[in-house]
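In the working numbering, the protein residues as written are 339 to 805. For every residue, glycine included, the Cβ atom is placed at its ideal position computed from N, Cα and C.
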């Protein structure tokens, strides 16, 4: 039976270390005490369970093996038992690199994070601090932000809107930004994932340092290491000068890994290793270099399904999505459409107003390309019409996605995929195969357009584009 102990209150600041290796226990105890934490170290699962029955640790550092076997079953069993008694206490697993698969099983069973031996002290302390901060936030349960408080307390000036869906999102961002937690931003193409990534950085302790963006969807396998880790002069044929990689450029700051779902499996392995211990090697230089970066990633793909299909590494998935932030599509935040439209219009011509019919028209569009599509539609309409008060007809003329203007017979019997394919083919024909112009007209990114071209087996340079 679980009961309170006189040390319960004291345990709230204590970190429990569970490892059968006395050297590991001593090393971790010394490291944590120097960092200002109170610790308690035990060597067996039995003593760990006895401790958590009496005391609520703030966090548990747990080895995966406690006998000569290396199956990790003891650690997984202990994790399950600890979670029964202390479900809200975060657990960080410590394992050898060769048993990463065991650590992934631990993450499935509720572990907060995993570290490999030999661990990186700074990385471990960052993970501990993040776990404690996020646990404290769950206990506090702050009130959702309103737009006034959001603008007064945080740097959200680049994010337009005041819908309930957006304010819920900004409340989450305001809570996670001050931590070092790895964040995965999900959502459809064009929903503004990069703006949210910037907001996380600008409201973090790293705000004064670099925010480095990398579009992994547009990065070839051959250039991945050079782009991410840098190279020395002469490392390969065209390496005429030294080049600093994105991770080194972002030291002490934030790396934004956009389109991470498009990353090749071989590159995923290389990325995982630098995320694991924040150590990398520059091409042409075998000396390991350490870096201190926060990772924010984004994708419009279903990574869980990709993990099940073995096209995305499960260990990398758990490494990048300590926290997941989902951006709602524009159709779920229609109240923000007038504000967004006014913002985009004002950048083209000052003091623009829309007729009520224009607002109604804009709010009723499906926007498969989301905010990016709305932006393109508004800017295109303002440039072509030249009006200070455009009406619905002006937007209708410029809306290449307005299927209601097409004869109903042309769409009858078509699936959504077929409609999308025909829309892409029309854009290719209109823009003579120019990828940038096609993507802009469709309101999607180049990487998203390439995925659709591959999906429908379309060659934009083909002379017979209707086949």
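For a cut-off of 8 Å, the C-beta gap from residue 585 to residue 521 is around 17 Å, too long to register as a contact. Counting C-beta atoms within 10 angstroms of its own C-beta, residue 698 has fewer than 16 neighbours from the protein chains shown and is therefore classed as exposed.
The continuous stretches of beta strand (DSSP E) do not include residue 497, and DSSP gives it neither H nor E. Per DSSP, residue 685 lies in no beta strand (DSSP E) segment and is marked neither H nor E. For residue 719, the closest alpha carbon among the candidates 704, 568, 708, 735 is that of 735.
DSSP lists 522, 595 as the bridge partner or partners of residue 635.
It is roughly 41 Å from the alpha-carbon of residue 375 to the alpha-carbon of residue 529. Along the region 502 to 562, the beta strand (DSSP E) occurs as fully enclosed runs of 3 or more residues at 521 to 524, 549 to 553, listed in sequence order. Residue pairing for residue 376: DSSP places it in a beta bridge opposite 352. Around the Cβ of residue 593, a 10 Å sphere holds 16 or more other Cβ atoms; the residue is buried. With fewer than 16 other Cβ atoms inside 10 Å of its own Cβ, residue 484 counts as exposed. Per DSSP, residue 492 is not a residue of any beta strand (DSSP E), being assigned neither H nor E. Contact between the region 508 to 522 and the region 557 to 565 is absent, with fewer than three C-beta pairs closer than 8 Å.
Ranking 497, 574, 684 by CA distance to the CA of residue 623 puts 574 first. In the DSSP annotation of this structure, the continuous segment of the beta strand (DSSP E) that includes residue 397 starts and ends at 397 to 401. Take the alpha-carbon of residue 450 and the one of residue 490: they are about 32 Å apart. Sequence-distant partners of residue 418 (beyond 5 residues in either direction) whose C-beta falls short of 7 Å from its own C-beta, in its chain, are 447. Residue 354 is positioned such that its CB atom lies closer than 7 Å to that of residue 395. For residue 613, DSSP assigns no beta-bridge partner whatsoever. In this structure the region 530 to 545 does not lie against the region 647 to 661, because fewer than three pairs of beta carbons, one per stretch, are closer than 8 Å.
DSSP, reduced to helix, strand and coil, places residue 432 within a strand of the structure shown. Contact annotation: residue 673 and residue 696 have beta-carbon atoms that are not nearer than 7 Å. In the DSSP assignment, residue 448 forms no beta bridge with any residue.
In its chain, beyond the 5 residues on either side, 714, 738, 765, 768, 769 have a beta carbon closer than 8 Å to the beta carbon of residue 779.
Annotated as proximal: residue 782 and residue 527, with beta-carbon spacing under 7 Å.
Residue pairing from DSSP places residue 454 in a beta bridge opposite 433. Residue pairing from DSSP places residue 661 in a beta bridge opposite 521. Residue 597 and residue 558 have their C-alpha atoms spaced approximately 13 Å apart.
One Cα belongs to residue 404, the other to residue 644, and the distance between them is close to 34 Å. From the listed residues 495, 600, 660, 481, the smallest Cα separation to residue 506 is found for 481. Taking C-beta atoms as the reference points, residue 660 and residue 650 fail to come closer than 7 Å. As DSSP reads the structure, residue 581 sits in a beta bridge with 569.
Under DSSP, the beta-bridge partners assigned to residue 618 are 627.
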